[in-house]
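One structure below.
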Amino acid sequence: MTSKSMKRSRNPGAAALAALFVWLLSSPAPGQAAEEIVWTGERSIYYGGLQDAAHEFTRLTKIKVTAIPGGCGAASAGVKQGKVDVGGLCCAIKEEELSKFGFKHYPIGIEGLAIVVHPSNPVRSLTQQQVRDVLTGKITNWKEVGEKERPIKVVARPHCTDREGNWKQIVPDKKLLAKGRIDVKEDQDVLLAVKDNENSIGFIGLNMVNPRFAKAIAVDGIAPSRASLIDGTYPWKLQNSLILASNSSAAAKKFVDFILGDGRKLLHKDLVFLDEVKVAPAKKTGKKK
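Using this note's numbering, read the sequence shown as starting at 2 and increasing by one per residue.
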């Protein structure tokens, strides 16, 4: 994502969602067109290399992939309705999606949930508790965290309120977020809102951070990065995954296998695959002899 593309549209994500809605209404169900599949899902996955992987998959297999960013809800609804072949989630899958609707679930990896501020903001790190207190309105001025006296403006994208994970790792309920905050619907709008207000703070997937619009700060002195995700020292993560319907086509499954295999090298450098994550050693229990 470039700054030029963001300037062309103040809300490119909404336009993409509208395009998906039109697609779902007008397109035939997957499988009616030979060797063609539809992907939709969270934007951090889409902008994190899914497009490049889809193009390479098409080049190798001649199976056309139409990729449309639309969020977790659009991914789940599309797969459930039979209008989308492969969905992409950044939040936890629901139990009913597995048990009732028979979704097949394929975890890809983890991505940092970054805390972002205006590029000019001198703050470099906040503690987990300070972030929670800021986002819930208990801390309302940058002076309270050691900076100059300036009112804090919270920018939030409280999406997927019916799913676990993502921003709920920090604040478990939308009702707890600061009063007077700026609510936005798309990841791009988080960046735009933070850029427009020097006193702002927000949260967004690390793949989406553009330093010209916002900078990611450290949490407890740990910056969000591949290294801190691999060793488990950065606290907040997005669980990126793919979903298929129970009766998914062979082409759809082939695409998922490609993403989890050779295609992973085309995904964003900030995404950490599950087999890269270091497992913390089990704590010893019992008394020493």
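For glycine and all other residues, C-beta sits at the position ideal for the given N, C-alpha and C.
Quick caveat, the model's predicted, so the values are computed rather than measured.
What did DSSP end up calling residue i once you bin it into helix, strand or coil?
i: residue 15; result: Only weak support exists for where residue 15 lies, its pLDDT of 46 falling under 50; the value from the coordinates is given anyway. Residue state, collapsed to three classes: helix.
i: residue 200; result: coil
i: residue 166; result: coil
i: residue 84; result: coil
i: residue 268; result: coil
i: residue 144; result: helix
i: residue 156; result: strand
i: residue 277; result: helix
i: residue 183; result: strand
i: residue 205; result: strand
i: residue 177; result: helix
Starting from the Cα of residue i, find the closest Cα among the options and give me that residue.
i: residue 156; options: 138, 148 and 164; result: 138
i: residue 141; options: 88, 217 and 179; result: 179
i: residue 270; options: 226, 276, 242 and 184; result: 226
i: residue 279; options: 249, 233 and 264; result: 233
i: residue 42; options: 229, 94 and 194; result: 94
i: residue 85; options: 197, 62, 248 and 260; result: 248
i: residue 148; options: 254, 124 and 202; result: 124
i: residue 229; options: 107, 261, 53 and 277; result: 277
i: residue 161; options: 186, 106, 145 and 150; result: 186
i: residue 97; options: 254, 164 and 210; result: 164
i: residue 173; options: 134, 251 and 53; result: 134
i: residue 83; options: 51, 143, 253 and 197; result: 253
i: residue 1; options: 61, 60 and 92; result: There is simply no residue 1 to check, as the chain begins at 2 and stops at 290 in what is shown.
i: residue 296; options: 197, 176 and 193; result: Because the chain in this structure spans residues 2 to 290, residue 296 falls outside the shown range and cannot be described.
Can the beta-carbon of residue i be found closer than 8 Å to that of residue j?
i: residue 204; j: residue 168; result: yes
i: residue 117; j: residue 238; result: no
i: residue 111; j: residue 242; result: no
i: residue 76; j: residue 66; result: no
i: residue 218; j: residue 126; result: yes
i: residue 184; j: residue 159; result: yes
i: residue 206; j: residue 45; result: yes
i: residue 68; j: residue 40; result: yes
i: residue 170; j: residue 114; result: yes
i: residue 265; j: residue 274; result: yes
i: residue 129; j: residue 236; result: yes
Am I right that residue i and residue j are in contact with their C-beta atoms under 8 Å? What's the rounded C-beta distance?
i: residue 90; j: residue 231; result: Residue 90 to residue 231, Cβ: 21 Å. No contact.
i: residue 191; j: residue 132; result: Actually they do not touch by this definition, with Cβ atoms about 15 Å apart.
i: residue 80; j: residue 38; result: The Cβ separation is near 12 Å, so there is no contact.
i: residue 70; j: residue 212; result: No, residue 70 and residue 212 are not in contact; Cβ-Cβ is about 21 Å, not under 8 Å.
i: residue 58; j: residue 246; result: Not confirmed; about 19 Å, so no contact.
i: residue 122; j: residue 153; result: That pair is no contact at about 10 Å.
i: residue 268; j: residue 72; result: At roughly 18 Å, the Cβ-Cβ gap does not stay under 8 Å, so residue 268 and residue 72 are not in contact.
i: residue 261; j: residue 107; result: 6 Å
Should residue i be counted as a contact of the ligand NAD given a C-beta to heavy atom distance under 7 Å?
i: residue 230; result: In the structure shown, the ligand NAD is absent, as is every other ligand, since no ligand is present at all.
At which residue ranges does the segment 214-249 contain complete alpha helix (DSSP H) runs of 4 or more residues, listed in the order of the chain? Assignment of alpha helix (DSSP H) within the segment 214-249, counting only whole runs of 4 or more residues, yields 227-231 in chain order.
Every unbroken alpha helix (DSSP H) within the segment 39-121, with a cutoff of 4 residues, ordered by chain: Counting whole runs of 4 or more residues, the segment 39-121 contains the alpha helix (DSSP H) stretches 52-62, 72-82 and 96-100.
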